[in-house]
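Asks: Numbering (the numbering used here), first residue to last: 20 to 337.
#1: Suppose you measure from the CA of residue 70 to the CA of residue 215; what does that come to, to the nearest Å?
#2: Which class does residue 242 belong to by DSSP, given the choice of helix, strand or coil?
#3: Could you pull out every residue in the same chain whose Cβ sits closer than 6 Å to the Cβ of residue 199, ignoring the five residues on either side in sequence?
#4: In chain order, what residues of the same chain lie with their CB nearer than 8 Å to the CB of residue 235, ignoring the 5 residues before and after it?
#5: Threshold first: 4 residues or longer. Then list the alpha helix (DSSP H) segments lying entirely within the segment 78 to 147, N to C.
#6: Are residue 56 and residue 85 touching if we call contact CB-CB under 9 Å?
#7: Roughly how many angstroms separate the alpha carbons of residue 94 and residue 201, rounded to a whole number?
#8: Could you work out which residue in 135, 72, 229, 186 is closest to residue 245 when comparing CA atoms only?
#9: May I have the straight-line CA-CA distance separating residue 115 from residue 26, to the nearest angstrom?
#10: Under 7 Å Cβ to Cβ from residue 75, same chain only, skipping five residues before and after it: list those, please.
#11: What residue does the beta strand (DSSP E) around residue 211 start on, and which one ends it?
#12: Indicate the three-state DSSP secondary structure (helix, strand or coil) for residue 257 in the structure shown.
#13: Three-state secondary structure (DSSP) at residue 269?
#14: Short of 6 Å in beta carbon distance, which residues of its chain neighbour residue 264, apart from the five on each side in sequence? Order them along the chain.
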């Protein structure tokens with residue numbers, strides 16, 4: 020860790036521990052409460068350091084002297100600490116500083132997730148609000164990292180997983196897939212389980228590369244299910260919408276047919292077995308990418324011809 024970029028209080032905490040950090044703040048407050056508050060208001064202060072100093076902030080009456088970042092962080096911690104019924108009404112986040120402060124809390128605090136149970140809950144709720152209220156994608160790498168760190172410690176990961184997947188973003192799958200290659204067997208198996216993959220042995224690097232290749236092709240046609248470990252030991256978090264892929268309707272576009280020809284094709288497509296639907300939709304998408312004009316003629320051909328072509332030529336489109 021580069022201590023040159025840390026605040027004075029963080030450096031003391033890293034070097035000498037939490038109690039020394041608390042003593043340093045108390046010593047500063049005895050000389051000047053404003054000087055003590057200035058230490059807390061330092062731009063480089065991290066949330067874990069702020070968190071361990073919360074009792075001193077109260078006992079030394081430093082709250083009125085905090086800057087906007089620390090004032091909002093203090094309010095967030097206090098709100099999260101309220102009983103559940105009160106918390107529901109209090110997490111309104113109208114303050115314009117709430118978004119950047121919540122992100123600061125997670126960005127600087129995720130590496131120390133697990134300080135205590137309250138701290139873990141604070142991290143969970145900050146991530147939940149950042150994802151659901153602010154659609155903050157920058158928080159995803161920190162959240163996914165916390166999932167695997169908690170899993171190694173045997174801590175609860177279900178709420179974090181639920182929050183992360185509610186973003187409904189393929190980037191989440193990429194971040195999880197990075198852990199397939201882990202030398203830690205449990206970590207690799209958890210990644211496979213979250214991605215609904217067989218956690219069998221073999222070349223983990225190849226498994227990772229194959230997954231990324233499939234994801235690149237299928238991400239415009241993914242449909243997130245809302246499943247998580249809260250509901251299933253083997254959740255299917257997303258599926259490929261085969262109808263949209265067959266008609267090449269990307270990024271949430273409706274699979275409703277554009278005309279009578281597409282309507283008949285889609286009706287026939289729906290009657291096929293799952294294996295044929297997969298084969299046909301994969302070929303259709305790749306053909307469209309290669310030559311849209313040829314695809315427009317192919318999609319008008321009889322279903323028997325489409326299936327025959329897809330099965331015959333699909334190898335050349337991989």
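C-beta: ideal position from N, C-alpha, C; glycine also.
Replies: In short:
#1: 37 Å
#2: strand
#3: 207, 210, 223, 226, 227
#4: none
#5: 87 to 99, 103 to 109, 117 to 128
#6: yes
#7: 39 Å
#8: 186
#9: 25 Å
#10: 41, 44, 45
#11: Note, residue 211: premise wrong, no beta strand (DSSP E); alpha helix (DSSP H) at 204 to 213.
#12: strand
#13: coil
#14: 240, 300, 304
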